[in-house]
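Just so you know, we're using our numbering here: the sequence shown kicks off at 5 and counts up by one.
Where a beta carbon is used, it is the ideal one built from N, C-alpha and C, also for glycine.
Given the structure is predicted, the values throughout are model-derived calculations rather than measurements.
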Amino acid sequence: MKKLFLAFLTVPALFFATSCGENSKMKLEGDQSPYGEVGTRFSGNFAGGSNFNLSVTSLDNGVSTLEGTFTMTDPRYKKIFKSLPKYCEVDGDNVTIHDIKFKATTDGIENCTGHHEDVFLKYDAKVGDTYSNGGKVTHVSKDNDFQWGSMKIKAIQVEKNKSGKLDGVKKITYWGNHRFGLVAVETEFDDGTSDFATISIF
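Shown next, in the form of structure tokens:
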């Protein structure tokens, strides 16, 4: 049976963390991480989200492609996905995504979707570090202080104010871990509400 790896990446988290950065001078190094390999499956507990059927369908020269479907009933998230017609098709509560590209290595995670190549998480990050997507590192754990399911782990916290064309988003905060990749994301919507979601194994 295929070993289950952490679902560090879902479509909302990838878009929210990386969209609309400039081409980055920061380059991702390190060895290929297993959660970027073909067949890896992803899920998360986003409000209104269910029936996640997302997986890596190809891995070419270190670039993974994520595709699949899921159900989304929350109108706040549906508004966001509708603003991304090149990569998301929304039919009622059914969302289909395609051609989402990223790199995942032992050094961090990089967005490769569209015309942007943006490192948005480095595992050797320090407080105050900034990324070309506008994200700023605001906390780096010294101890296992981040609650992730039933575990406490070390985490890197990055905050990013809205930029670009993501409708309905005010601010994104995301957390990463050197072993498990992207482990959580909090979305602050422009209506004043928010949603905190952990990224979990399938």
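Rounded separation between residue i and residue j - CA only
i    : j    : result
M155 : D194 : 31 Å
P79  : S62  : 31 Å
N27  : V144 : Note that N27 scores a pLDDT of 48, beneath 50, so its modelled location is shaky and nothing firm can be said.
N137 : G96  : 31 Å
V94  : V42  : 25 Å
A188 : Q161 : 9 Å
I3   : H102 : In the structure as shown, the chain begins at 5 and stops at 206. Residue 3 is therefore absent and cannot be evaluated.
S198 : V67  : 31 Å
Range of the contiguous beta strand (DSSP E) that encloses residue i
i    : result
F85  : Segment 79 to 86 is the alpha helix (DSSP H) holding F85; no beta strand (DSSP E) there.
H182 : Run containing H182: none; DSSP gives neither H nor E here.
K122 : According to the sequence as given, residue 122 is Asp; it is not Lys. Counting along the chain, the beta strand (DSSP E) containing D122 begins and ends at 122 to 126.
L70  : 67 to 76
For residue i, three-class secondary structure by DSSP
i    : result
Y39  : helix
C92  : strand
L170 : coil
L32  : coil
F109 : Note on identity: in this sequence residue 109 is Thr, with Phe being the wrong assignment. Strand.
K62  : Checking the displayed sequence, the identity of residue 62 turns out to be Ser instead of Lys. Reduced to three states, the DSSP call for S62 is strand.
According to DSSP, residues forming a beta bridge with residue i
i    : result
H143 : Q161
A129 : DSSP lists no partner for A129.
N137 : N137 pairs with nothing; no bridge assigned.
Exercise. Pair every Cβ in the stretch 104 to 124 with every Cβ in the stretch 32 to 39, then say whether three or more of these pairs are closer than 8 Å.
Key: Between the stretch 104 to 124 and the stretch 32 to 39, the count of C-beta pairs closer than 8 Å reaches three or more; the two stretches touch.
Exercise. Count the C-beta pairs between the stretch 170 to 179 and the stretch 81 to 92 that are closer than 8 Å, then say yes if the count reaches three, no if not.
Key: By the C-beta criterion, the stretch 170 to 179 is judged to be in contact with the stretch 81 to 92, since at least 3 inter-stretch pairs fall below 8 Å.
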